[in-house]
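Reading through the structure tokens given below for one structure.
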DNA sequence: GTCCGTGCAAAGGATTTGCATAATC
DNA sequence: GATTATGCAAATCCTTTGCACGGAC
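Chains as they are written, first to last, in the numbering used here: chain P, 1 to 135; chain W, 1001 to 1135.
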């Protein structure tokens, strides 16, 4: 069924793609950098290049399987897109990411877009700070 | 009084700093990349290096004179920080940026941080889409 | 005069690209 | 078997750093 996801996305089923999808599914925390994914592949003994990791992640993003975030400068993080939108709390100390969803905020955003004659395609709310453990 | 801003920020008053501050003040749109600032300096005949632009912008950010955003991958944009917090609407076609402020959203964010035992230091809401002209 | 700031060029890190080989359908 | 994906290495882009010179106080 991992393969089905790939095929539905119009992508050929290949070893790197299946592997990367598997890694993203199992990931804990769910947010990984391209480098994280690459390292995970190496650890399981795969013979893969960084270029492929980036290519595959970009294809996944285009296909809507994955979301890419730029929480902090320097590098993007990727997470599996499981359909339900959510926003993020990012700890500036440990880099940890938590997710949340708030109905009111979502509604406000839609209204603001409308008020500004903006055709919203995406939106991104990130709260930065210190998590419980890092205070 | 531009100089006063600099001195208050604990920065020596130098030509590049004054010039960059001036450019940010006059900027329209208010959001510039480092490259934009650099080009603006060259156009007014300044003999300056990119490195200085980055250094100065970073110092300004540290001093709280400027805010840095990562709306899109690849490069940061800078805007003068005039104290009042606001969020952004970013057009994915023309790159244009509009600003807005919503009391309700601000309140919700504070609550969410509290609910998650998060000590919020900053927050960032960006709505992506197509602006009026680009639809 | 001392110290900090600057310009230049080179380094750095994340990401992308070109190309020959290898895998999928 | 034809086409698309991959690995490798080199290239690219934005940003930072090292160092000797120049300017601010």
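Glycine residues also receive a C-beta, built at the ideal position from the N, C-alpha and C atoms.
Residue environment for residue 1047/W: exposed (fewer than 16 other C-beta atoms within 10 angstroms of its C-beta). For residue 1073/W, the C-beta contacts it makes with chain P under 7 Å involve 70 and 76, in order along the chain. DSSP, read as helix, strand or coil, puts residue 101/P in coil. For residue 1124/W, the uninterrupted beta strand (DSSP E) run begins and ends at 1119-1130, by DSSP. With respect to chain W, the C-beta atom of residue 39/P has no partner C-beta closer than 8 Å.
By the criterion of a C-beta distance shorter than 6 Å, residue 1024/W is surrounded in its chain by 1080, once the five residues flanking it on both sides are discounted. Between residue 1121/W and chain P, the shortest Cβ-Cβ separation is below 8 Å. Residues of the same chain with a CB within less than 6 Å of the CB of residue 1043/W, apart from the 5 flanking positions on each side, do not exist. Of all alpha-carbon atoms in 1110/W, 1009/W, 1066/W and 1127/W, the one lying nearest the alpha-carbon of residue 1037/W is that of 1066/W. Sequence-ordered contacts of the segment 1096-1118 of chain W with chain P read 1098, 1100, 1102, 1104, 1105, 1108, 1109, 1112, 1113, 1116, 1117 and 1118 [C-beta pairs closer than 7 Å].
Within the same chain, 1011 come within 7 Å of residue 1059/W by CB-CB distance, once the 5 residues on both sides are set aside. DSSP, read as helix, strand or coil, puts residue 12/P in coil. Under the 10 Å beta carbon count, residue 101/P is surrounded by fewer than 16 other beta carbons and is classified as exposed.
Proximity of residue 1131/W to chain P, defined by a Cβ-Cβ separation below 8 Å, is satisfied.
For residue 20/P, no chain W residue has a C-beta closer than 7 Å to its own C-beta; the minimum C-beta separation is roughly 19 Å. Look at residue 89/P here: in three-state DSSP terms it is strand. Of all C-beta pairs linking the segment 124-131 of chain P to the segment 76-91 of chain P, three or more are shorter than 8 Å, placing the two stretches in contact. In the three-state reduction of the DSSP assignment, residue 76/P falls in the strand class.
For residue 128/P, the chain W residues whose C-beta falls within less than 8 Å of its own C-beta are 1120, 1121, 1122, 1123 and 1124, listed in chain order. One finds 1119 in chain W with Cβ atoms closer than 7 Å to the Cβ of residue 135/P, taken in chain order. The alpha-carbon separation between residue 15/P and residue 56/P amounts to approximately 11 Å. Assignment of residue 1030/W by DSSP, reduced to helix, strand and coil, places it in the coil class.
Residue contact with chain P for residue 1092/W: present (Cβ-Cβ distance below 8 Å to some residue of chain P).
Around the beta carbon of residue 1123/W, a 10 Å sphere encloses 16 or more other beta carbons of the protein chains shown; the residue is thus reported as buried.
A direct Cα-Cα distance of roughly 46 Å separates residue 22/P from residue 1049/W.
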